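Participant: Starting off with a structure, shown below.
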Amino acid sequence: MSPINRADIDKQYTALLQHGVVADLSSRTRIRVTGSDRVGFLHGFCTADIKKLSPLAGCEAFFTNHQGKAVGHGYLYSREQSLIIDTTAGQFEKLSEHLRRFAITEDVEFADETQSTCELLLAGPTAPATIEQLFKVVAPTERLESVRASSSEMSLEIVKTDLIPETAYLLLAPTASKQILLDLLTTAGVTLASGELIEALRIEGKTPAYGLEIDESTLPQEMNRDTLAISFKKGCYLGQETVARIDALGHVNRVLTKLSLPGEIAPPTGTPLVMRDETGTEKQVGSIASIAYSPATKQLTALAVLRRSGAKTGTQLTASNAAAVVS
Numbered sequence: 306m307s308p309i310n311r312a313d314i315d316k317q318y319t320a321l322l323q324h325g326v327v328a329d330l331s332s333r334t335r336i337r338v339t340g341s342d343r344v345g346f347l348h349g350f351c352t353a354d355i356k357k358l359s360p361l362a363g364c365e366a367f368f369t370n371h372q373g374k375a376v377g378h379g380y381l382y383s384r385e386q387s388l389i390i391d392t393t394a395g396q397f398e399k400l401s402e403h404l405r406r407f408a409i410t411e412d413v414e415f416a417d418e419t420q421s422t423c424e425l426l427l428a429g430p431t432a433p434a435t436i437e438q439l440f441k442v443v444a445p446t447e448r449l450e451s452v453r454a455s456s457s458e459m460s461l462e463i464v465k466t467d468l469i470p471e472t473a474y475l476l477l478a479p480t481a482s483k484q485i486l487l488d489l490l491t492t493a494g495v496t497l498a499s500g501e502l503i504e505a506l507r508i509e510g511k512t513p514a515y516g517l518e519i520d521e522s523t524l525p526q527e528m529n530r531d532t533l534a535i536s537f538k539k540g541c542y543l544g545q546e547t548v549a550r551i552d553a554l555g556h557v558n559r560v561l562t563k564l565s566l567p568g569e570i571a572p573p574t575g576t577p578l579v580m581r582d583e584t585g586t587e588k589q590v591g592s593i594a595s596i597a598y599s600p601a602t603k604q605l606t607a608l609a610v611l612r613r614s615g616a617k618t619g620t621q622l623t624a625s626n627a628a629a630v631v632s
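Laid out in structure tokens, this is it:
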């Protein structure tokens, strides 16, 4: 990353801390699930207790296979006649095909709304006041809770999110309303932020993303999201036996870990992370899953899924020729 880009991200981060920023996350996948059996069906294929969701409430979940490994991860938003699955970009085919395999007689349908809708992230200390000023509603206060707003120009849904550590909301609306929303927000003094800033904040908050930190080799408990995304009381679902067994054993052998890299050049994702033990023997304990310049620490920060032996705070690792420290 060039010094110019770092300077731009520093300015955006200052704007975030002082008032607020908006970023376009419309490339994320949004799946609309409909049908009278939608709740019971999805309940049987994910780690969250979605039967408890009331309309406009939400939850985080892993979608697991018969081995208890993750074939998907995201956020579910309950609506009166549907559920929305919000996940990382490019996941519609993979996740919907996995779920459709099990829909034999159930009344359930999956629609890709990624192109027909937009998703903006509004974040910063002034975000709640901006929502009230522009949309005449009180910003949601509970995690993944939604409120609806409308005007003569548009209708939208506002979701309280923790994709990043800072106070943040997702604005979900038809794609045709995206530029109207961006113009409204920037006119109100909200700074337009880049995807690079949001990615850095995601990494700082240790929020995993499917396709980066999470893939089909991932056991849900490796992501440290037990209290946020896993119900151990909901009963049977595909992969539940493995998840329950790990809970009974008390630990997994790998864990999501944040790293600090003091160097200037970012090693590419996939770079092996190597630890040297007390005998001088080197062994790989994981690899870089995502990396970005952090304006909070003024250095590179990364996420990796590491063997527990290399995941203790302060552990010194190397990534190619770069130093990395578990933070």
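For what it's worth, our numbering labels the leading residue of the sequence shown as 306, then goes sequentially. In this text, a Cβ means the ideal position worked out from N, Cα and C, and glycines have one as well. Treat the numbers as computed from the prediction; the structure is a model and nothing was measured.
(1) Which residue wins for smallest C-alpha separation from Lys356, given the options His348, Thr334 and Ala362?
(2) Could you check whether Pro445 and Lys465 sit closer than 7 Å to each other, using their CB atoms as the reference points?
(3) Answer yes or no: do Phe346 and Glu402 have a C-beta to C-beta separation smaller than 7 Å?
(4) In terms of alpha-carbon separation, which member of Arg335, Leu400 and Ala328 lies closest to Asp417?
(5) When the Cα atoms are used, what is the spatial distance from Thr419 to Thr512?
(6) Go ahead and label Gly585 buried or exposed: buried means 16 or more other beta carbons lie within 10 angstroms of its beta carbon, across all protein chains shown.
(7) Please report the Cβ distance between Ala328 and Leu425, rounded to the nearest whole angstrom; I am assuming they are in contact, meaning their Cβ atoms lie under 8 Å.
(8) Okay, do the segment 582-599 and the segment 531-540 touch, 3+ Cβ pairs below 8 Å being the bar?
(9) Buried or exposed: where does Lys441 fall if 16 or more other Cβ atoms within 10 Å of its Cβ makes it buried?
(10) By the DSSP assignment, the beta strand (DSSP E) with Ala597 in it spans what residues?
(11) Name the two residues that bound the continuous alpha helix (DSSP H) containing Asp531.
(12) With a 10 Å radius around its C-beta and 16 neighbouring C-beta atoms as the bar for buried, classify Arg343 as buried or exposed.
(13) Hey, Ala493 and Val326: beta-carbon distance below 7 Å or not?
(14) Can you list, in chain order, the residues of its chain whose CB lies under 6 Å from that of Glu462, leaving out five sequence neighbours each side?
(15) Since Val344 is in the alpha helix (DSSP H), which residue starts that stretch and which ends it?
(16) Touch check for the segment 480-500 and the segment 375-392: three-plus C-beta pairs under 8 Å?
(17) With 16 as the cutoff for other CB atoms within 10 Å, does Asp391 come out buried or exposed?
(18) With DSSP run on the structure shown, which of helix, strand or coil describes Thr446?
Facilitator: The answer reads as follows:
(1) Residue numbering aside, residue 356 sits at position 51 when the sequence shown is read from its first letter. Lys356 has its Cα closest to that of His348, out of His348, Thr334 and Ala362.
(2) As a first step, residue 465 is located in the sequence shown; it is residue number 160 there, counting from the start. As a first step, residue 445 is located in the sequence shown; it is residue number 140 there, counting from the start. Yes. Within cutoff.
(3) Residue numbering aside, residue 346 sits at position 41 when the sequence shown is read from its first letter. Residue numbering aside, residue 402 sits at position 97 when the sequence shown is read from its first letter. No, Cβ-Cβ distance for Phe346 and Glu402 is not below 7 Å.
(4) Walking along the sequence shown from the start, residue 417 turns up at place 112. Nearest Cα to Asp417 within the set Arg335, Leu400 and Ala328: Arg335.
(5) Start at 1 with the first residue of the sequence shown, and residue 419 comes out as number 114. Start at 1 with the first residue of the sequence shown, and residue 512 comes out as number 207. Cα atoms of Thr419 and Thr512: separation of roughly 21 Å, rounded to the nearest angstrom.
(6) Locating residue 585 in the sequence shown gives position 280, where the first residue counts as 1. It is exposed - the Cβ of Gly585 has fewer than 16 other Cβ atoms within 10 Å.
(7) Position 23 of the sequence shown, counted from the start, is the residue given in the question as residue 328. Position 120 of the sequence shown, counted from the start, is the residue given in the question as residue 425. Their Cβ separation, rounded to whole angstroms, is 7 Å, which keeps Ala328 and Leu425 in contact under 8 Å.
(8) Note that the segment 582-599 does not touch the segment 531-540; fewer than 3 beta-carbon pairs, one per stretch, sit closer than 8 Å.
(9) Start at 1 with the first residue of the sequence shown, and residue 441 comes out as number 136. The residue is exposed, with fewer than 16 neighbouring Cβ atoms inside 10 Å.
(10) On the sequence shown, position 292 is the one that residue 597 refers to. Residues Glu587 to Ser599.
(11) For the purposes of this step, residue 531 is taken as the residue at position 226 of the sequence shown. That run of the alpha helix (DSSP H) goes Asp531 to Ala534.
(12) Taking the sequence shown and counting its residues from 1, the one referred to as residue 343 is at position 38. Looking at its Cβ environment, which holds 16 or more other Cβ atoms inside 10 Å, Arg343 is buried.
(13) Along the sequence shown, one-based indexing puts residue 493 at 188. Along the sequence shown, one-based indexing puts residue 326 at 21. Not closer than 7 Å, so no.
(14) On the sequence shown, position 157 is the one that residue 462 refers to. Ser451, Arg453 and Leu477.
(15) For the purposes of this step, residue 344 is taken as residue 39 along the sequence shown, with counting starting at 1. Here the alpha helix (DSSP H) through Val344 covers Arg343 to His348.
(16) The segment 480-500 makes no contact with the segment 375-392; the number of CB pairs closer than 8 Å stays below 3.
(17) Here residue 391 corresponds to residue number 86 of the sequence shown, with the count starting at 1. Answer is buried; the Cβ neighbour count reaches 16.
(18) By one-based count along the sequence shown, residue 446 stands at place 141. Note: Thr446 maps to coil in three-state DSSP.
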